[in-house]
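First comes the structure, then the notes that go with it.
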Amino acid sequence: MNAANDPATPPELFTWEFATDPYPAYAWLREHAPVHRTRLPSGVEAWLVTRYADARQALADQRLSKNPAHHDEPAHARGKTGIPGERKAELMTHLLNIDPPDHTRLRRLVSKAFTPRRVAEFAPRVQELTDRLIDGFATKGEADLIHEFAFPLPIYAICDMLGVPAEDQDDFRDWAGQMIRHGGGPRGGVARAVKRMRAYLVELIHRKRSDPGDDLISGLIRASDHGEHLTENEAAAMAFILLFAGFETTVNLIGNGTYALLREPAERARLQASLAAGETGLLATGVEELLRYDGPVELATWRYATEPLTLGGQRIERGDPVLVVLAAADRDPARFAEPDVLDLGRRDNQHLGYGHGIHYCLGAPLARLEGQTALATLLTRLPDLRLAADPAELRWRGGLIMRGLRTLPVAFTPEKADGA
Ligand code: HEM
Numbered sequence: 001m002n003a004a005n006d007p008a009t010p011p012e013l014f015t016w017e018f019a020t021d022p023y024p025a026y027a028w029l030r031e032h033a034p035v036h037r038t039r040l041p042s043g044v045e046a047w048l049v050t051r052y053a054d055a056r057q058a059l060a061d062q063r064l065s066k067n068p069a070h071h072d073e074p075a076h077a078r079g080k081t082g083i084p085g086e087r088k089a090e091l092m093t094h095l096l097n098i099d100p101p102d103h104t105r106l107r108r109l110v111s112k113a114f115t116p117r118r119v120a121e122f123a124p125r126v127q128e129l130t131d132r133l134i135d136g137f138a139t140k141g142e143a144d145l146i147h148e149f150a151f152p153l154p155i156y157a158i159c160d161m162l163g164v165p166a167e168d169q170d171d172f173r174d175w176a177g178q179m180i181r182h183g184g185g186p187r188g189g190v191a192r193a194v195k196r197m198r199a200y201l202v203e204l205i206h207r208k209r210s211d212p213g214d215d216l217i218s219g220l221i222r223a224s225d226h227g228e229h230l231t232e233n234e235a236a237a238m239a240f241i242l243l244f245a246g247f248e249t250t251v252n253l254i255g256n257g258t259y260a261l262l263r264e265p266a267e268r269a270r271l272q273a274s275l276a277a278g279e280t281g282l283l284a285t286g287v288e289e290l291l292r293y294d295g296p297v298e299l300a301t302w303r304y305a306t307e308p309l310t311l312g313g314q315r316i317e318r319g320d321p322v323l324v325v326l327a328a329a330d331r332d333p334a335r336f337a338e339p340d341v342l343d344l345g346r347r348d349n350q351h352l353g354y355g356h357g358i359h360y361c362l363g364a365p366l367a368r369l370e371g372q373t374a375l376a377t378l379l380t381r382l383p384d385l386r387l388a389a390d391p392a393e394l395r396w397r398g399g400l401i402m403r404g405l406r407t408l409p410v411a412f413t414p415e416k417a418d419g420a
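Here you go:
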C-alpha cells in the first residue's frame, strides 16, 4: 500500500510502515499538501507543516504560541513536548511550554549557567565516558548499540554536568529507561519514575544551595539577571527539561547516525579515512548531515495559533495546533540538493534539526560534542563495525515527536582484552 506517488491519495501516516520510513509520505505531503490537517493517533487534529520555507517561518512566528493554554481543546493540550510525565504542573513551566517574556527571562538565566565554555570544558569527560562504555562491549564482538552505548552515554553525561553524584547516576539510568521504554506506549511505571526523579532533583537543588560546586545545578542557582533568580520550582523544571530535552534526542543522534553510516558504506569509509588522517572537518559537517538526513526530532514540539493566520497558503484558525515536521523540511528539494542522499561533506546545510528561532536548541553544543565523540570513537575503535540485523526487522520507537531505533544490533572484530 504505497500511496506515496499517487497524487490523489494522501499516504497513511502513523502506521508501522510509516515509522520505519516516513520519508516517502513526507515527500507526498510536501508536494501535494504542504500544510496538511490530520488526525493524530491521540484523536487530536493538528496541522503538519512539511516544506522547509514554511517550517522555518512557523518556527519563528510569534503568533504560534508554545503555551498549551492556547489550544482549542485545553483538555488535550497538556503534555505535548513528548516528555513523559510533564503533565505534572510543577514541571510544566519549562522553556518549551512558555512564550516571551517568561521564556526570555528563563532562557537568559539558564544561558548564563549553560555556556558553550562549560560544554567545551566537558569534552575530556565525554571522551572518558564514551571509552568506558565501549570498553564494556568491545571484547564481545557484538552489541546492541542502543542499549549498551547510545542510551547510557547521554544520561551519564548530563547527570555529570548537572552535578548528580556518581553513586546516584544508575538511579537516573533506571528512571530514564522507564520513560524512554514507555515513550508513546503504555505509561505504567512512568509516573512513578517521574515522581522519583523530581523528588531527587528538588532535594539535590536544596543540597547545592547550601553546598554549591562548579556543576550546572549550582550554576542555575547562582545565575541572576538584574537581581532576578530562578525560583525553586523553575530550577527543578529547568533541570528536568535539560535532562529530557538532552537525553532521548542524543540517544537518537547516536543511534540514527550510526545506523545511517552502516547503511552507506562509502560515506562511512570516507569518514573513517578522514579520522585516520587526524582531521575533524568531515566529522563536524558529517554530524550536521546526519541530523539533517535522519535527525532525532521528527516533529518540533507543539505550537498553537493565537490568532487566525495563513501559512503556505493555508488558513489556520485560532487555537489550532501546528506541528512543524523537521524531518520533512530537512529533505525538501527546494532547499537541499539531492536531499535523500547522505553527503557527510555537505555544504550550505542549514538544517532544522535543532529547530529555529527563540526555542532553538539550547543544548546544541553539548549534543554536537557527544555526537562527534561517540561516532568518531566508535568508528576508530571498532573499524569493521557492521549491522547484525535485517534493516526491515529493526523497530522504531513509536512516539510522535522523536524518531529513534529501539535496538541496533551490531557485530565487529573484538578488541583484545588488554585493549589492543
Ligand atoms: C530545544 C533538538 C540535544 C536542550 C530543542 C529543539 C529541537 C532540539 C528541535 C526545538 C524544539 C521546538 O522548537 O519545538 C535537539 C537535538 C539534540 C538535542 C536534535 C541532540 C542531537 C539537546 C541537549 C540539551 C538540549 C543535549 C541539553 C542538555 C534543549 C532545550 C530546549 C531544546 C532546553 C528548549 C529551548 C527553548 O525552548 O528555548 N532541541 N536537542 N537539547 N533543547 Fe535540544
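Last residue of the sequence shown: 420 (UniProt numbering), numbering continuous.
Each residue gets a CB set at the ideal place from its N, CA and C atoms; glycine is no exception.
- For the options 334, 70, 113 and 230, the alpha carbon positioned closest to that of residue 215 is the one of 113.
- Between residue 118 and residue 315, the alpha-carbon positions lie close to 44 Å from each other.
- Annotation: the continuous alpha helix (DSSP H) that includes residue 370 extends over 364-381.
- When distances are taken from the beta-carbon of residue 66 to the heavy atoms of the ligand HEM, the shortest one is below 8 Å.
- Per DSSP, reduced to three states, the secondary structure at residue 94 is coil, with no helix or strand assignment.
- Following the DSSP letters along the chain, one finds residue 354 in no beta strand (DSSP E), marked with neither H nor E.
- Residue 42 is classed as exposed because its beta carbon has fewer than 16 other beta carbons within 10 Å across all chains shown.
- Rounded to the nearest angstrom, the gap between the Cα atoms of residue 159 and residue 60 is 31 Å.
- In the three-state reduction of the DSSP assignment, residue 47 falls in the strand class.
- The distance from the Cβ of residue 223 to that of residue 229 is about 7 Å, consistent with a contact at the 8 Å cut-off.
- A buried status is given to residue 65, since no fewer than 16 other beta-carbon atoms sit within 10 Å of its beta-carbon.
- Using a 10 angstroms sphere on the CB of residue 343, the tally of other CB atoms reaches 16 or more, which defines it as buried.
- Using a Cβ distance threshold of 9 Å, residue 122 and residue 251 do not count as a contacting pair.
- DSSP lists 311 as the bridge partner or partners of residue 314.
- Closest by C-alpha distance to residue 392, out of 18, 12 and 13, is 18.
- Distance from residue 300 to residue 319 at the Cβ level is roughly 18 Å; contact not present, criterion being Cβ atoms closer than 8 Å.
- Residue 157 is not bridged by DSSP to any residue.
- At a cut-off of 8 Å, the beta-carbon of residue 151 does not count as near the ligand HEM: no heavy atom of the ligand is closer than that.
- In the three-state reduction of the DSSP assignment, residue 38 falls in the strand class.
- Ranked by how close their Cα comes to the Cα of residue 408, the residues 108, 154, 232 and 258 have 258 in first place.
- Judged by beta-carbon spacing, residue 25 lies beyond the 9 Å limit of residue 311, meaning their Cβ atoms are not closer than that value.
- The continuous stretches of alpha helix (DSSP H) do not include residue 324, which lies in the beta strand (DSSP E) extending over residues 321-324.
- Contact between residue 353 and residue 292 holds, with the beta-carbon distance rounding to 6 Å and staying under 8 Å.
- Taking a C-beta distance under 9 Å as the contact criterion, residue 217 and residue 163 qualify as a contact pair.
- The ligand HEM has no heavy atom closer than 8 Å to the beta-carbon of residue 180.
- Annotation for residue 364 indicates a beta carbon within 8 Å of some heavy atom of the ligand HEM.
- At least one heavy atom of the ligand HEM falls within 8 Å of the beta-carbon of residue 360.
- Residue burial annotation: residue 101 is exposed, with fewer than 16 other C-beta atoms found within 10 angstroms of its C-beta.
- The beta carbons of residue 155 and residue 176 sit closer together than 9 Å.
- The ligand HEM has a heavy atom closer than 8 Å to the beta-carbon of residue 370.
- Contact between residue 126 and residue 157 holds: CB atoms are separated by about 6 Å, below the 8 Å threshold.
- In this structure residue 130 touches residue 373 by the C-beta definition: roughly 5 Å separates them, less than 8 Å.
- Within the DSSP bridge table, the entry for residue 402 names 297 as partners.
- Distance from the CA of residue 36 to the CA of residue 95, rounded to the nearest whole angstrom, comes to 27 Å.
- Non-local beta-carbon contacts of residue 360 in its own chain, meaning distances under 7 Å to residues more than five positions away in sequence, involve 354 in chain order.
- Counting only residues of its own chain and dropping the five nearest sequence neighbours on each side, residue 168 has no CB closer than 6 Å to any other CB.
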